[in-house]
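Here the structure is laid out as structure tokens; the discussion comes afterwards.
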Amino acid sequence: MALLIYTPIHDADEWAETLGAQLPDLDIRVYPNIGDPADIDMALVWKPPVGFLAGFPNLKFVHSFGAGVDGILADAKYPRQVPLARVVDAGLANGMAEYVVLHVLRFHRQVQAMQFNQRNKTWKWLPPVDASERTIGIMGMGALGAVAAKRLTDFGFQVVGWSRRLKAIEGVASFHGEDQLEGFLRHCNVLVCLLPLTPQTTGIISRRTMSLLPRGAYIINAGRGGHVVEADLLHALDNDYLSGATLDVFAEEPLPEEHPFWTHPKVTVTPHNAADSIPALVVPQIVENIRRCREGRPLLRVVDLKVGY
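The opening residue of the sequence shown carries number 2 in the numbering used here; numbering runs sequentially from there.
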């Protein structure tokens, strides 16, 4: 069996080396050195080109480099009969929790205002707000959101979560479904988006939903760029309805040089690096699925192609 690795952002050779150390008999091919496409049984990929995976007639399963699979499922030519597996990793969840906590605390401790004052040589005392008076809302209470929520409760914040189905997480008030979205949003001093990108969640952070947030709320998007209607976000920022936003993901990546987010005084831009898969931590679960594929056993962490995660 041969495994193909394709990624435009990761160090493919490092991943091949780590996989090869655990499966020394595995034929690993790193794009563009594919060889005969008919030899490829498995593929480890991140955002492959449209039609790429359809070019391997004997493909038995595809594995994503990370938790997100929208970059794979965006390909209308994806061979729907081929199982797709994703990463569910404690290291990835910890990295995302660090990112969320960092930027919640930047908002909570008024770091952006103090940096502005420093640049203008202004010594100004800013009254503190107790963490218990801030409500942090997390959209997406899966493996990533649940860890972030727990870390935020440790700081004393009020934490609420919203997801497609009801989740029971200690210390977190849970909302679920379209009917409870409005009630959830009305609580959120900070709105954190960690949702998967699906047809139902595309454009979910829009003028309508942002208008339901308390005035002065802050947005953190580390889900996917497609969750935010960018023009609506800029309108809310420019009209002082929102106090700011931290954005790790964008409709177009890399973010174009002329995009107003780069220079907007209320926006923090990070280059889609909130959390990433580390080979040493993630490869064991990929290896397990390769072994299962070889032995004809069910794969783990298989994506429901109908719902997109």
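The C-beta atom is built at its ideal place from N, Cα and C for all residues, glycine as well.
TODO: Please name the residue, chosen from V193, D233 and R81, that lies closest to Y242 on a Cα-to-Cα basis.
DONE: Scanning V193, D233 and R81 for the CA closest to the CA of Y242 turns up D233.
For chain C, is any of its Cβ atoms less than 8 Å away from the one on E171?
-> Although the question refers to chain C, the structure presented lacks it and comprises just one protein chain.
Point to revise | Residue of L74, D40, V304 and N121 minimising C-alpha distance to N59 | key: Answer by Cα proximity: D40.
Next on the checklist: Just to confirm my understanding: we take C294, look at its own chain, exclude 5 residues before and 5 after, and list those with CB closer than 7 Å. What are they?
Outcome noted: M43, K61, F62 and L300
Original post:
Is I221 near T247, with beta carbons less than 8 Å apart?
Top reply: yes
*asked:* Rounded to the nearest angstrom, what separates V83 and G52 at their Cα positions?
replied: 14 Å
Does the distance from the CB of G245 to the CB of F108 come in under 8 Å?
The answer is yes: Cβ separation under 8 Å.
Task: Where the alpha helix (DSSP H) through V148 begins and ends - done: A144 to D155
| field | Element boundaries [beta strand (DSSP E), containing W163] | value | Q159 to S164
### Query
When the Cα atoms are used, what is the spatial distance from G22 to V284?
The displayed chain sequence assigns Ala, not Gly, to residue 22. Cα to Cα, A22 sits roughly 10 Å from V284.
| request: Under the assumption that D14 contacts P197 (Cβ atoms under 8 Å), give the Cβ distance between them as a whole number of angstroms. | output: Between P197 and D14 the Cβ distance is about 29 Å, and since that is not below 8 Å, they are no contact.
| Hey, which unbroken runs of the beta strand (DSSP E) at 3 residues or more fall wholly within the segment 38-82? | 41-46 and 62-65
| field | Opening and closing residue of the alpha helix (DSSP H) in which A218 lies | value | Careful: A218 lies outside any alpha helix (DSSP H), inside the beta strand (DSSP E) at A218 to N222.
field: Contacts around P80, its chain only, beta-carbon distance under 7 Å, and the 5 residues preceding and following it disregarded
entry: L54, A55 and L60
Checklist entry - Does DSSP classify Y32 as helix, strand or coil? => result coil
Where do the ends of the beta strand (DSSP E) carrying A246 lie? L243 to L248
Q | I10 versus E183, D26 and K48, residue with shortest Cα-Cα distance | A | K48
* Asked: Roughly how many angstroms lie between the CA atoms of I73 and G138, to the nearest whole one?
  -> Spanning the two alpha carbons is a distance of roughly 28 Å.
Which value, in whole angstroms, describes the spacing of the CA atoms of L103 and A275? 10 Å
Can you tell which of R135, K122, W124 and T123 has its C-alpha closest to the C-alpha of R110?
R135
**Prompt:** Does DSSP classify T210 as helix, strand or coil?
**Reply:** helix
Terminal residues of the continuous beta strand (DSSP E) containing G138?
G138 -> beta strand (DSSP E) spans T136 to M140.
**Prompt:** Nearest CA to the CA of N190: which residue from A132, G178, V112 and R208?
**Reply:** A132
Helix, strand or coil for S278? Go by DSSP, reduced to three states. coil
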